[in-house]
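S.K.: These protein sequence lines map, in sequence, to chains D and X.
Note that the first sequence covers residues 1 to 439 in UniProt numbering.
Note that the second sequence covers residues 1 to 403 in UniProt numbering.
Glycine included, every Cβ here is placed at the ideal spot set by N, Cα and C.
Mind having a look at this structure? Questions to follow.
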Amino acid sequence: MSTAVDMPRFVRAKQVEALPPPNLARGPIAWIRENLFSGPFNTILTLVVFYLLYVSVPPLVKFLFIDAVWTGTDRAACRADAGGSESGACWAFIWDKINYFIYGSYTISERWRVNIFFALLAVGVVWLLWLKAPRRDLGAVYFFWVFPVVSYILLTGGNENFGGRFWIGFAIFAALVIALFAFFAALLKASMRPALILGGGIVAVIGITLVLVDFDFGLAHVPTSLWGGVLVTLLVATVGIVVSLPFGIVLALGRRSKLPIVRMASVIFIEFVRGVPLITVLIMANTMLPLFLPGDMTVDRLLRPLIGTALFASAYMAEVVRGGLQAMPKGQYEGAMSLGLNYPQMMSLIILPQALRIVIPGIVNTFIGLFKDTSLVAIVGIFDLVKTIEASRIDPNWAAPTIGITGYAFAALFYFVFCFGMSRYSLGVERRLAAGQKR
Amino acid sequence: MNSVQTAVSQTSPPKKSFLYDPKVRGAFYQIVLVIALVALFYVAATNAIENLQRAKIASGFGFLNNTAGFDISQTLIQFSAAGGTYGDAFIVGLLNTLIVSAIGIFFTTFLGFLIGIARLSKNWMVAKVAMVYVEVLRNIPLLVQLLFWYIAVLGALPQPRNSLEMGAGFYLNSRGLFMAKPLWASNIGILVGVLLLGLIGTFIYRRWARKQQEQTGRQYPVGKVTLALVLGLPILTWIVLALFGANPISFELPRKGTFNLTGGMQILPEFVALLLGLVTYTAAFIAEVVRAGILAVSKGQTEAAGSLGLTPGQTLRLVVIPQAMRVIIPPLTSQYLNLTKNSSLAVAIGYPDLVQVFMGTVLNQTGQAIEVVVITMGVYLTISLLTSFLMNIYNRRVAIVER
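Below is the structure:
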């Protein structure tokens, strides 16, 4: 037998460079063949889609951009009979009304306060949503206490002038609360200090809030009937999230509770609210809320839909939070209990921090729904963005055939930017959380 | 022995106040909650009674028998301003809500499945277009979309005299969609009977075919026979009857006059706008549900089906869809419910649905806020609970396949 050494050397020492794949199997042409024309059915499908795009996209681009009117001060720019162009969107209208769309009829000299509100809101949202932000616990205090109080003072002007009798009443209330805590501590033979701190803390938070609202900062009063546009849209959404998150957590805990009456009350509330349309809740808040209050008390017209949306959002939020609570492994509960933690400690230190973290995408999705639903307050006569557009659309100064469609295009763009951004954020968090769970 | 006993008695828990008993505490919290709720309801009720008395509004449901005195633009039952009561108005509104929901659910299911499957298409173009559709439609409030359809699209339609002619008796103008109106002859009963017969026949045939397949493995053409029995048989009967001069269905076409269209069937522009908005909006959500459902079927299933020699079509029909349906049904149900609830946005564009007629006009006319709100919410709650009940039954039937 001969060895390899003896054999004639026809084996190459080096590997030959691979030939490039045939032209038809690489590059854009191959991609197109693979993805668009891989068979008769696919080819027909592609052609149909191309036709649909050809029919819809060029006219849309032409309408929104090419033929659009960008400048102008009144209807003449957007009317063919007055020498303008009426085949395209009338962006001049939006530009002319932009302040109305953002602030409504808010007093012009006080609009800087609204701008500060927007900035404070942005700070709060970023602080809470940016997972790497420092001191997110302080962020929560900011978003759920400092920010609402400051915003209230900024937007309305504060200076509620409660008067002396109110403060005497509050002092009695404060003494009662602290006494109640002290009484229970004595009854349970528990140490007095934490009870007093807790009672005093509750009184202090309420007291500071009331003092701030009462104090005269020298801001002019702006009645809520003047508020409108993006301000109201964001306000309804913000109140919705600030109320619905804590309230939703309470409802979710109630629904998971072992106490039958607590559980039943939570279930009835959640299922009732989820079973009816938001519109009916808003109309109920609008017509029935004044009935339930004593005759001389009135509810602000803006406050009614705020209460309605907040309650509505709470029920949906409760179901999201419940999903998180149920996803917690039982060992977490048992571990907490075996450490001797009581129910509030177990929930606030062990369960909720983990459960809320995994439902961040769900919370954001609920918030997207809430944000879209804020447009419904227009139906009960609140001047949110949609309503301001509705009101401007019939302004005779801007009477032109393309005004309506331009207005709605603007509203659609506004909502789309916010909702799409939030949905991308929620997807990102979901992916990050999934990466953390991967083994 | 003695020492052990003393040890046990020493470690036994010290006697504590009964206030530390979880049961006592639970009872205490619940009593506090009940007292708070009762107090809340009591205060609200007394205030409401006082306010109603001051406004001189009689409470109770007697107002339902009063004459309404307003017209409704779309009525499925006889209703006139002079003779109709508030109770009749309620039924008219309810029927309008139900019909727009039912038709909407039918179309949105179709469109939603189409787009959901398109999103998973291997055709890049189709998948991307479906994705853009879903993202755009999902992220814009339904109210804005409805106003867009109603004011921007349907508002731009021509006057009746310049109606758009779409063929087959369809006309479109600013007063809505006009189409042929079917007129039933007296012998329509024959056609209905034949249709029922076809349905019963199909049912029996399907059972027989399944039994045969389970016993012998032979497959019978179930789909074709169903089509022939349910559709073919009535159509054949119709043709035969028509040939003998006893046509059971004839159509009244809308005729074009100088200013208006007469005859035929008119569908309100509000209805068209509401239907378009609801169908396209909900379809985007259903598409996502369908996509998630199909993706939930593991790839191994498709590959196994392929290795058994099933064609891609059979794989989809026999392996993927039955399993995907189990995942799809529960969220699909909630989308149907959402569509029904969202139909209440009709109030924004003036379609006379339950909320617009009852919570709008009737509430404003009578001032009976509590009764009206309770009735309307009760209707939606009933629809919600009923739908989820029916869907749960179906869901159980689908889910039982799992072993």
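1. My assumption, with CB atoms under 8 Å, is that L155(D) sits in contact with V222(D). Please give the rounded CB distance.
2. Select from the region 155-177 of chain X all residues with a C-beta closer than 9 Å to any C-beta belonging to chain D, and list them in chain order.
3. Based on Cα-Cα distance, which residue from Y54(D), S38(D), F371(D) lies nearest to V232(D)?
4. For the alpha helix (DSSP H) that S314(D) lies in, which residues bound it at each end?
5. Going by CA-CA distance only, name the one from T374(D), S191(D), F65(D), V211(D) that's closest to L302(D).
6. Quick test of the definition: if touching needs 3 or more C-beta pairs under 8 Å, does the region 308-317 of chain X touch the region 383-395 of chain X?
7. Go through its chain and collect everything with a Cβ distance to T75(X)'s Cβ below 6 Å, but skip five positions before and after it.
8. Let's see if you can read the secondary structure: which residues bound the alpha helix (DSSP H) around I77(X)?
9. Quick check on the burial criterion: 16 or more other C-beta atoms within 10 angstroms. Buried or exposed for T46(D)?
10. Tell me, please, which residues DSSP counts as bridged to Q266(X).
11. Helix, strand or coil for L120(X)? Go by DSSP, reduced to three states.
12. With a CB to CB cut of under 7 Å and the five nearest residues on each side skipped, what residues in its chain are close to P148(D)?
13. Taking 7 Å as the cut-off, decide whether the C-beta atoms of G277(X) and Q145(X) are in contact.
14. At which residue ranges does the region 182-242 of chain X contain complete alpha helix (DSSP H) runs of 4 or more residues, listed in the order of the chain?
15. Around the C-beta of L19(D), are 16 or more other C-beta atoms found within 10 angstroms, so that it is buried, or is it exposed?
16. Considering only the beta carbon of each residue, do G362(D) and V429(D) sit closer than 7 Å?
17. Just checking: is the beta-carbon of G308(D) within a distance shorter than 7 Å of some beta-carbon in chain X?
18. Let me make sure I understand the geometry here. Which of N395(X), F358(X), T366(X), P234(X) has the alpha-carbon closest to that of M377(X)?
19. Which residues bound the alpha helix (DSSP H) around M337(D)?
20. For a cutoff of 7 Å on Cβ pairs, would you count W124(X) as touching chain D?
21. Which residues, in chain order, does the region 389-420 of chain D contribute to contact with chain X at a C-beta distance below 7 Å?
22. Can you give the Cα-Cα distance for I115(X) and I383(X), rounded to whole angstroms?
23. Out of G169(X), Y220(X), G83(X), which has the shortest C-alpha to C-alpha gap to M179(X)?
24. For L245(D), count neighbouring Cβ atoms within 10 angstroms of its own Cβ and tell me buried if that reaches 16, exposed if not.
25. Which residues bound the alpha helix (DSSP H) around L235(D)?
26. Between which two residues does the beta strand (DSSP E) carrying Y171(X) extend?
27. Where do the N-terminal and C-terminal ends of the alpha helix (DSSP H) with L52(D) fall, by residue?
28. Among the residues of its own chain, which have a CB less than 8 Å from the CB of L172(X), if the five just before and after it don't count?
29. So for D74(D), helix, strand or coil by DSSP?
30. Is there a C-beta anywhere in chain D that falls below 7 Å from the one on A222(X)?
31. Determine, using beta-carbon pairs with one atom in the region 39-49 of chain X and one in the region 273-293 of chain D, whether at least three such pairs fall under 8 Å.
32. Which residues of chain D have a Cβ atom closer than 8 Å to the Cβ of I370(X), listed in chain order?
33. Residues in its own chain within less than 7 Å of G323(D) by CB, not counting five upstream and five downstream?
34. Indicate the three-state DSSP secondary structure (helix, strand or coil) for residue 504(D) in the structure shown.
35. Measure from the alpha carbon of V126(D) to the alpha carbon of each residue in A435(D), R193(D), A313(D), Y425(D), then state which is nearest.
36. Which residue's Cα is closest to the Cα of K82(X): L337(X), G69(X), L197(X)?
M.R.: The answer reads as follows:
1. Yes, L155(D) and V222(D) are in contact; Cβ-Cβ is about 7 Å, under 8 Å.
2. Here the close residues are G155, A156.
3. Just measuring C-alpha positions, the residue of Y54(D), S38(D), F371(D) sitting nearest V232(D) is F371(D).
4. Start and end: 303-327.
5. The residue with the shortest Cα to Cα distance from L302(D) is T374(D).
6. Here the region 308-317 of chain X does not lie against the region 383-395 of chain X, with fewer than 3 beta-carbon pairs under 8 Å apart.
7. Within the same chain, T75(X) has close Cβ partners V92.
8. No alpha helix (DSSP H) contains I77(X), which DSSP labels as neither H nor E.
9. Taking all protein chains in view, the Cβ of T46(D) is crowded by 16 or more other Cβ atoms within 10 Å, so the residue is classified as buried.
10. In DSSP, Q266(X) forms a bridge with F178(X).
11. Shown here, L120(X) sits in coil according to DSSP, grouped into three states, outside any helix or strand.
12. Taking P148(D) as the centre and dropping the five residues before and after it, the same chain places the C-beta of V242 closer than 7 Å to its C-beta, in chain order.
13. Their beta carbons are under 7 Å apart, which means G277(X) touches Q145(X) by this criterion.
14. DSSP runs (the alpha helix (DSSP H)) wholly in the region 182-242 of chain X: 188-216, 222-227.
15. Counting the other CB atoms within 10 Å of its CB gives L19(D) a total below 16, which places it among the exposed residues.
16. No, the pair does not count as a contact, with Cβ atoms beyond the cut-off.
17. Chain X, which has no Cβ nearer than 7 Å to the Cβ of G308(D), makes this no.
18. Of the listed residues, the one whose Cα sits closest to M377(X) is F358(X).
19. Counting along the chain, the alpha helix (DSSP H) containing M337(D) begins and ends at 330-338.
20. Closer than 7 Å: yes.
21. Contact residues of the region 389-420 of chain D toward chain X are G404, I405, Y408, A411, A412, Y415, F416, C419, F420 (C-beta to C-beta distance below 7 Å).
22. Going by the C-alpha atoms only, they are around 27 Å apart.
23. It is G169(X) whose Cα lies nearest to the Cα of M179(X).
24. Buried, because 16 or more other Cβ atoms sit within 10 Å of the Cβ of L245(D).
25. First-last of the alpha helix (DSSP H) with L235(D): 230-255.
26. 170-173 is the span of the beta strand (DSSP E), which, as asked, contains Y171(X).
27. In the DSSP annotation of this structure, the continuous segment of the alpha helix (DSSP H) that includes L52(D) starts and ends at 40-61.
28. Here the set comprises L157, S163, L164, M166, F178.
29. In the structure shown, D74(D) adopts coil according to DSSP, grouped into three states.
30. Sequence inspection shows Val at residue 222(X); the Ala mentioned does not correspond to that position. Look at V222(X): its C-beta is not under 7 Å from any C-beta on chain D.
31. Remark: three or more beta-carbon pairs, one from each stretch, lie closer than 8 Å, so the region 39-49 of chain X and the region 273-293 of chain D are flagged as touching.
32. In chain order: M288, L291.
33. Contacts found: V359, G362.
34. Residue 504(D) lies beyond the stretch modelled for chain D, which goes from 1 to 439, so this question has no answer here.
35. When only C-alpha atoms are compared, the closest one is Y425(D).
36. Reading off the sequence, residue 82(X) comes out as Ala, not Lys. Selected option, being the one with the closest Cα: G69(X).
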